[in-house]
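Trainee: For the record, in the sequence shown the residue sitting at position 242 is 262 according to our numbering, with numbers rising by one throughout.
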Amino acid sequence: MADKKLALRNVPRHRKKKEFFFVFLFSSISMITILISSYLEKTPNVPTNLPIVYITCDRDIGKGRYRDCVIEVDYDSYISEIRVRGNAKIKNDKKGYRFQLSQSASLLGMRTDDDWQLFAMYNDYTYMRTKLAFDLWRSLEPTNPTAILPDSEYVNVYLNGKYNGLYLLAEKNDRKLYGLDNPQNNSDSSFIFQCLPFNDLRTYDKDTWEQDLPDPDDINLLDKILPDLISFISSSTDEEFLNSQSGIYSKFDKINLIDHFIFNYFILHGDYWANNFFIARNTYPSKLFFIPWDFDGSFGQVIDNLYSPRENPEAEIRGLSELYNRLLGNDEFRKACKDRWLYLRERIWTEDEIIDMVLDNYKEIKKSVELDNEMYYPKLEVKDFIKALMEWIPDRLNYCDEYFTQNY
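1. Buried or exposed: where does Q123 fall if 16 or more other Cβ atoms within 10 Å of its Cβ makes it buried?
2. With distances taken between CB atoms, is the gap from S341 to L417 smaller than 8 angstroms?
3. Per the contact definition of three or more C-beta pairs closer than 8 angstroms, is the segment 276 to 289 in contact with the segment 301 to 313?
4. Opposite D88 in the DSSP bridges: which residues?
5. Is C77 helix, strand or coil when you go by DSSP?
6. Report the residue from E161, Q214 and G129 whose alpha carbon sits nearest the alpha carbon of Y174.
7. Can you name the start and end residues of the beta strand (DSSP E) that V66 belongs to?
8. Starting from I299, trace the beta strand (DSSP E) in both directions and tell me its first and last residue.
9. Have a look at the DSSP bridge pairing and note the partners of S318.
10. For F42, is the classification buried or exposed, using 16 other Cβ atoms within 10 angstroms of its Cβ as the cut-off for buried?
11. Determine the DSSP secondary structure at N350, reduced to helix, strand or coil.
12. With a floor of 4 residues, list each alpha helix (DSSP H) that falls wholly inside the segment 255 to 311, ordered by position along the chain.
13. Does the segment 140 to 147 come close enough to the segment 162 to 171 that 3 or more CB-CB pairs lie under 8 angstroms?
14. With three or more beta-carbon pairs closer than 8 angstroms as the criterion, would you say the segment 66 to 86 touches the segment 392 to 405?
15. So which of I287, Q426 and I91 has the shortest CA-CA distance to Y178?
16. In three-state terms, what does DSSP make of T425?
17. What is the DSSP secondary structure of S166, reduced to helix, strand or coil?
18. To the nearest angstrom, how far is the alpha carbon of M395 from that of D232?
19. Would P329 be called buried (16 or more neighbouring beta carbons within 10 Å of its own) or exposed?
20. Over what stretch of residues does the beta strand (DSSP E) that includes Y178 continue unbroken?
21. Whole beta strand (DSSP E) runs in the segment 180 to 248 with 3 or more residues, listed along the chain?
22. Helix, strand or coil: how does DSSP classify D96 here?
23. Who are the Cβ neighbours of W496 in its own chain at under 8 angstroms, not counting the five residues just before and after it?
24. For a test of the three-state rule: what should DSSP assign to F253, helix, strand or coil?
25. Under 8 angstroms, do I385 and L186 count as touching if we go by C-beta distance?
26. Do you know whose CA, among A294, I102, N284 and S207, lies nearest D225's CA?
27. Name the DSSP bridge partner or partners of I72?
28. Excluding the five sequence neighbours on either side, which residues of its own chain have a C-beta within less than 7 angstroms of the C-beta of A153, listed in chain order?
29. Can you give, in chain order, each stretch of the beta strand (DSSP E) that sits fully within the segment 106 to 154 and has at least 3 residues?
30. Any idea if N65 is buried or exposed, counting beta-carbon neighbours within 10 angstroms, 16 or more meaning buried?
31. When the distance is taken between beta carbons, is I239 closer than 8 angstroms to N205?
32. So for L400, helix, strand or coil by DSSP?
33. What residues are listed by DSSP as bridge partners for L326?
34. Pull up the distance between the alpha-carbon of Q321 and that of Y327, whole angstroms please.
35. Here's a check: name, in chain order, each residue in its chain whose Cβ is nearer than 6 angstroms to the Cβ of G106, leaving out the five neighbours to either side.
36. Quick check: the Cα distance between L400 and I323, rounded to an integer number of angstroms?
The following block contains the structure:
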């Protein structure tokens with residue numbers, strides 16, 4: 021016994037503290053799990069068909085600094101950090117979140133990673149437009165390797181024991197998702213640039229861009245790459261712009277340019293063409309590609325405003341993007357868009373396939389939508405917006421069939 025006491029006294033103090041910390045930590049997680057499970061049993065009306073995410077945080081969660089928390093996803097607990105995601109969305113009653121696990125994990129069958137997003141879908145009264153956009157774009161990947169957006173799953177979220185509503189848990193849009201190489205400290209590096217308002221690709225304004233990759237503290241690639249690229253887009257002659265060796269298709273992935281236009285034209289992507297997209301590239305000589313983002317205005321709906329499925333935004337697109345102004349002025353590009361649209365309509369984007377996506381999603385979230393509706397939009401009948409979406413999609417497909425066959 022004396023030997024054991026002596027051995028204990030000889031253990032370094034920092035080691036004792038470390039061991040105590042882990043005992044306390046795992047005890048806390050176990051207690052939180054018990055309390056949350058007990059709370060769930062006593063919470064009426066919350067649907068149980070969806071996975072559940074519990075967030076336990078003893079401090080207010082804001083936009084800036086990450087806060088320490090414990091996150092439980094489908095009864096697996098993780099030490100994490102969390103903050104509010106988005107800029108304008110921080111003022112919403114229902115906030116979205118970004119969280120980082122202390123170690124990478126596969127959540128709900130998605131990729132193994134430590135960085136995750138929770139979309140609140142606030143002001144999307146269908147609760148489906150972001151996921152539908154993600155999945156539609158991803159459906160192109162077998163014939164377009166650049167058609168990558170996060171995988172996602174619907175979840176019910178509790179914050180500090182209180183039901184917070186229906187969310188979309190999604191992978192983080194980052195270097196790993198897009199299969200990019202680790203960045204280098206030179207202009208050949210892989211990169212991800214985010215477009216901020218207002219950017220029509222006619223002149224270079226550094227304030228309308230953010231560099232997500234590489235870390236701008238390591239190297240500023242914006243000033244090294246974008247001035248020449250935007251100058252080429254806006255100032256090159258038609259012959260230079262379309263040159264088979266050094267023209268636009270030597271810089272951008274051609275199928276990405278085509279699909280990016282078709283996809284965003286079809287979904288009637290509002291507040292988009294000079295905002296809310298990413299431009300990315302793997303290590304040079306890989307080509308640039310667009311990544312669509314932020315689907316708050318899409319599929320004929322922006323908050324409670326409904327738009328006709330027969331709306332033609334081509335003139336607006338050409339005014340907002342000099343790149344697409346020049347591309348849409350080229351007969352070869354227009355024919356390539358027509359051929360691609362007809363291919364997609366026959367093989368991938370059939371009316372049945374897209375409507376089935378919507379119906380499958382709605383069947384999964386119907387009960388949670390009703391509860392979320394009561395919590396955040398008690399004066400709205402969200403079923404009307406869901407019905408409008410169901411009717412809008414077939415009508416929009418028919419209109420796009422006419423548009424691409426008659427104008428291209």
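Every residue gets a Cβ at the ideal spot worked out from N, C-alpha and C, and that includes glycine.
Mentor: Reading off the structure:
1. For the purposes of this step, residue 123 is identified with residue 103 of the sequence shown, where counting begins at 1. It counts as exposed.
2. Along the sequence shown, read from residue 1 onward, the residue named residue 341 stands at position 321. Along the sequence shown, read from residue 1 onward, the residue named residue 417 stands at position 397. Taking the C-beta atoms as reference points, L417 is found no nearer than 8 angstroms to S341.
3. Enough Cβ pairs lie closer than 8 angstroms, so yes.
4. On the sequence shown, residue 88 is found 68 positions in, with the first residue counted as 1. According to DSSP, which records beta bridges pairwise, D88 is partnered with E101.
5. The residue you call residue 77 lines up with position 57 of the sequence shown. Here C77 sits in coil by DSSP.
6. Translated into positions along the sequence shown, residue 174 becomes position 154. Ranking E161, Q214 and G129 by CA distance to the CA of Y174 puts G129 first.
7. What you label residue 66 is simply residue 46 of the sequence shown in a count that begins at 1. Annotation: V66 is outside any beta strand (DSSP E) and is labelled neither H nor E by DSSP.
8. Stepping through the sequence shown from its first residue, residue 299 is reached at position 279. From DSSP, the beta strand (DSSP E) with I299 extends over F297 to R301.
9. Taking the first residue of the sequence shown as 1, we reach residue 318 at position 298. DSSP output for S318 lists Q321 as bridge partner(s).
10. Along the sequence shown, read from residue 1 onward, the residue named residue 42 stands at position 22. For F42, the predicted model reports a pLDDT of 41, less than 50, meaning its position is unreliable and no value from the coordinates is stated.
11. Translated into the one-based positions of the sequence shown, residue 350 becomes position 330. Of the three classes helix, strand and coil, the one that applies to N350 here is coil, per DSSP.
12. Here the runs fully enclosed are 258 to 261, 268 to 271 and 274 to 286.
13. Under the Cβ criterion (8 angstroms, minimum of three pairs), the segment 162 to 171 does not count as touching the segment 140 to 147.
14. Flag = no, the segment 66 to 86 and the segment 392 to 405 do not touch.
15. As a first step, residue 178 must be located in the sequence shown, where it is residue number 158. Residue nearest to Y178 within the set I287, Q426 and I91 is I91 (criterion: CA-CA distance).
16. Residue mapping note: residue 425 aligns to position 405 of the sequence shown, counting from 1. Note: T425 maps to helix in three-state DSSP.
17. The residue you call residue 166 lines up with position 146 of the sequence shown. According to the sequence shown, residue 166 is Thr rather than Ser. Residue state, collapsed to three classes: coil.
18. Against the sequence shown, residue 395 aligns to sequence position 375. Against the sequence shown, residue 232 aligns to sequence position 212. Rounded to the nearest whole angstrom, the CA to CA distance from M395 to D232 is 35 angstroms.
19. Position 309 of the sequence shown, counted from the first residue, corresponds to residue 329. Under this definition P329 is a buried residue.
20. Against the sequence shown, residue 178 aligns to sequence position 158. Following the DSSP letters along the chain, one finds Y178 inside the beta strand (DSSP E) bounded by residues S172 to L179.
21. If only uninterrupted beta strand (DSSP E) runs of at least 3 residues are considered, those enclosed by the segment 180 to 248 are 182 to 191, 211 to 215 and 229 to 233.
22. Position 76 of the sequence shown, counting from 1, holds the residue named residue 96. DSSP places D96 in strand when its eight states are reduced to three.
23. Residue 496 lies beyond the range of the chain shown here (21 to 428); nothing can be said about it.
24. Working through the sequence shown from its first residue, we reach residue 253 at position 233. Residue identity check: residue 253 is Ile in the sequence provided, not Phe. In the structure shown, I253 sits in a helix (DSSP, three-state: H, G or I).
25. Sequence index remark: in the sequence shown, residue 385 carries index 365 (1-based). Sequence index remark: in the sequence shown, residue 186 carries index 166 (1-based). For I385 and L186, yes; Cβs fall inside 8 angstroms.
26. Within the sequence shown, the letter at position 205 stands for residue 225. Across the set A294, I102, N284 and S207, the C-alpha of A294 shows the shortest separation from the C-alpha of D225.
27. Walking along the sequence shown from the start, residue 72 turns up at place 52. Beta-bridge pairing by DSSP links I72 to N176.
28. Numbered from its first residue, the sequence shown carries residue 153 at position 133. Correct list, in chain order: I287, F315 and S318.
29. At a cut-off of 3 residues, the continuous stretches assigned as beta strand (DSSP E) that sit fully inside the segment 106 to 154 are 117 to 126 and 132 to 139.
30. One-based indexing of the sequence shown puts residue 65 at position 45. Flag for N65 reads exposed.
31. Position 185 of the sequence shown, counted from the first residue, corresponds to residue 205. Position 219 of the sequence shown, counted from the first residue, corresponds to residue 239. Yes, the pair counts as a contact, with Cβ atoms nearer than the cut-off.
32. Position 380 of the sequence shown, counted from the first residue, corresponds to residue 400. Here L400 sits in coil by DSSP.
33. As a first step, residue 326 must be located in the sequence shown, where it is residue number 306. According to the DSSP secondary-structure assignment, L326 is paired through a beta bridge with Q321.
34. Position 301 of the sequence shown holds residue 321. Position 307 of the sequence shown holds residue 327. Taking the straight line joining both Cα atoms gives about 6 angstroms.
35. One-based indexing of the sequence shown puts residue 106 at position 86. Taking C-beta separations shorter than 6 angstroms and ignoring five residues to either side along the sequence, the partners of G106 in its chain run G116, following chain order.
36. Position 380 of the sequence shown, counted from the start, is the residue given in the question as residue 400. Position 303 of the sequence shown, counted from the start, is the residue given in the question as residue 323. Distance between the alpha carbons of L400 and I323 is about 11 angstroms.
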